[in-house]
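So the structure is just underneath, and the comments pick up after that.
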Amino acid sequence: MKSIQEHNFSGERALIRVDYNVPLDEQFNVTDVTRIVRTKETIGKILADGGSAILLSHLGRPKGEAKDEFSLRHIVKTVSEILGKEVVFGGDVLTAEAETLCKNLKPGSIVLMENLRFHKEEEKGDVDFAKALARLGDVYVNDAFGTAHREHASTATVARCFPGKAFAGYLLYNEVMNLEKTLNGQERPFTAIIGGSKVSTKINILKNLIPKVDNLVVGGGLSYTFLKAMGFTIGNSLYEPDMLPVAQEILDQVKASGVNFVCRVDSVCADKFSNDANILVTEDNNIPDNWEALDIGPKSRVNIAKVIKDSKTILWNGPVGVFELEKFSEGTRAVALSVAATTLAGAYSIVGGGDSIAAVNKYDLGNYISYISTGGGAMLEYLEGKELPGVKALNEN
Ligand code: AMP
């Protein structure tokens, strides 16, 4: 995979796949500009070289139809403000006007094209549609890590229309390099903390991580299926009966591999899913009838903090409790603080997943994490060990 750093874009029209799938309010104002801000560096480098930028993105799920509510024209002004340069709206990618506009682009100009998902061919990875996109530019840059797990025309197929001229933007390149460093080039001990609500969404991550980590910390709603598999009582806690054999299989894999599996030793339970619930802190891993465990307990917090403190590489995905409710946020807070403190002491840490990022931000610890991955689904698939189609297309180029 070639980074844009290795190329001079002077006089070239760069077709840049960005992820401007941003949230809009009812007046079509962008309510979170993070995704736009994060493309500044890549676009800035291309323009500074003397190139021009043709931005391609999707927005929402228009399902192959042109619908105004999903038009990227709503965000042109915001993109312009953030990039600090005039951005021209280029309209639909298939039109002759778009072709003429792109053909006559002057160095330093930026064009934002219409939502690619107005054409169903985009999500099908259609070759002819990719060729139509390719006609608009001289080189291709993918800076949309968040959609790199999709085999779409603008994320994968189009890269093959630019042999030797397809590059990874800074955002995508950094995501891949940081994830790669974590999974395959890490300093030991390597600790993964996997939380969240369900075993079903994390099975493949857990299975892929076991041969790579020294310590596997499992927290959150998914731990109760494991506790059940270990023979504990779990009261009304979150439980996926059909995942019981999988949990058992993972526990067997853990045992055979010699990985230190850190679940919990106590829990904070509630009599209802609410901040004004009554609370019970268990002595051990058995949760009484009619109680629902919503966080790890105080002894578990200390145990997990110790494991994190002794690590040199830390990967954290998913909260260990219902941290959105203050009463059940102590466990996730302890994890966030421990990861940050250990990073300050010299460890490398990577945090990903919307909820873990929200937790890090809630405690204002973003500056003490080595890398925050905003890849969402793409990050999860990477952690599962899958080759992402968008990355594969660049690697083959
Ligand atoms: P996920 O989207 O699978 O990463 O799960 C994140 C959600 O898991 C968060 O909204 C947490 O509130 C929730 N969660 C964490 N711990 C528990 C728990 N013990 N019981 C129920 N939900 C939980």
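Under the working numbering, the first residue of the sequence shown is numbered 99, with each subsequent residue one higher. Using N, Cα and C, we set each Cβ at its ideal position, and we do this for glycine too. None of the values given here were measured: they were computed from a predicted structure.
Judged by beta-carbon spacing, N313 lies within the 8 Å limit of T289, meaning their Cβ atoms are closer than that value. Under the criterion of beta carbons closer than 8 Å, L154 and L277 do not qualify as touching, at roughly 24 Å.
Per DSSP, the beta bridge partners of W414 are I291 and V449. When only Cα atoms are considered, N282 and V174 end up about 40 Å apart. Inside the region 209-279, DSSP marks whole beta strand (DSSP E) runs of 3 or more residues at positions 237-240 and 264-266, from first to last along the chain. S355 is classed as exposed because its beta carbon has fewer than 16 other beta carbons within 10 Å across all chains shown.
Only buried fits E221, as 16 or more other CB atoms lie within 10 angstroms of its CB.
By the CB criterion at 8 Å, L463 and A438 fall inside the cutoff. For G475, the uninterrupted alpha helix (DSSP H) segment begins and ends at G475 to L481. Taking non-hydrogen atoms of ligand 1 into account, the C-beta of S295 is found less than 7 Å away from one of them. Around the beta-carbon of R248, 16 or more other beta-carbon atoms lie within 10 Å, marking it buried. DSSP places Y118 in the coil class of the three-state scheme, outside both helix and strand.
Nearest in C-alpha terms to F126, of all of A112, F426, F168 and L113, is F168.
Burial check for G262: the Cβ neighbour count within 10 Å stays below 16, so the residue is exposed. Judged by beta-carbon spacing, A491 lies within the 8 Å limit of R258, meaning their Cβ atoms are closer than that value.
Counting C-beta atoms within 10 angstroms of its own C-beta, P343 has fewer than 16 neighbours from the protein chains shown and is therefore classed as exposed. DSSP lists no beta-bridge partner residue for S178.
In the structure shown, the three-state DSSP call for S150 is strand. The distance from the Cβ of V274 to that of V116 is about 16 Å, inconsistent with a contact at the 8 Å cut-off. Taking 3 residues as the shortest admissible run, the region 311-339 contains the following complete beta strand (DSSP E) segments, listed from N- to C-terminal end: 313-316.
DSSP places V363 outside any alpha helix (DSSP H), giving it a letter other than H or E.
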